[in-house]
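Only one structure is covered here, and it is reproduced in the block below.
In the numbering used here, the protein residues as written are 38 to 134.
Right, dumping it as structure tokens:
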């Protein structure tokens, strides 16, 4: 983040990034646990799920550009959207969309 950004704005940005990460981790982590489970529309997007589950779950995660690329790929997947639509079946933060 640029150094000239006010502290309050940095905190807000940090909070938003954390919410994005938490939401995509929760959605992709819940796909297989739902009954019936939800599959990715495009199986090629599994690499993005793996990245999110393996890398974005790290405590010291620093939001590199590939995080946003993988998140965007997954958000466009109809399977991820279907899992989001079923968020009443698992605990997802309210600001997820």
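Every residue gets a Cβ at the ideal spot worked out from N, C-alpha and C, and that includes glycine.
Please state if the CB of residue 67 and the CB of residue 127 are separated by a distance shorter than 7 Å.
yes
Rounded to whole angstroms, how far is the Cβ of residue 136 from the Cβ of residue 77, which I believe are closer than 8 Å?
Residue 136 is absent from the model: the chain starts at 38 and stops at 134.
Where do the N-terminal and C-terminal ends of the alpha helix (DSSP H) with residue 88 fall, by residue?
It spans 83 to 91 - the alpha helix (DSSP H) in which residue 88 sits, taken as one unbroken run.
Is DSSP giving residue 100 helix, strand or coil here?
coil
Give me the residue from 58, 50 and 47 with the minimum Cα distance to residue 98.
58
Mind reading off the beta-carbon distance from residue 62 to residue 89? Whole number of angstroms is fine, and I expect it under 8 Å.
The Cβ separation is near 6 Å, so the contact holds.
Close-in-space but distant-in-sequence residues of the same chain around residue 107 (CB under 7 Å, 5 per side omitted):
85, 88 and 89
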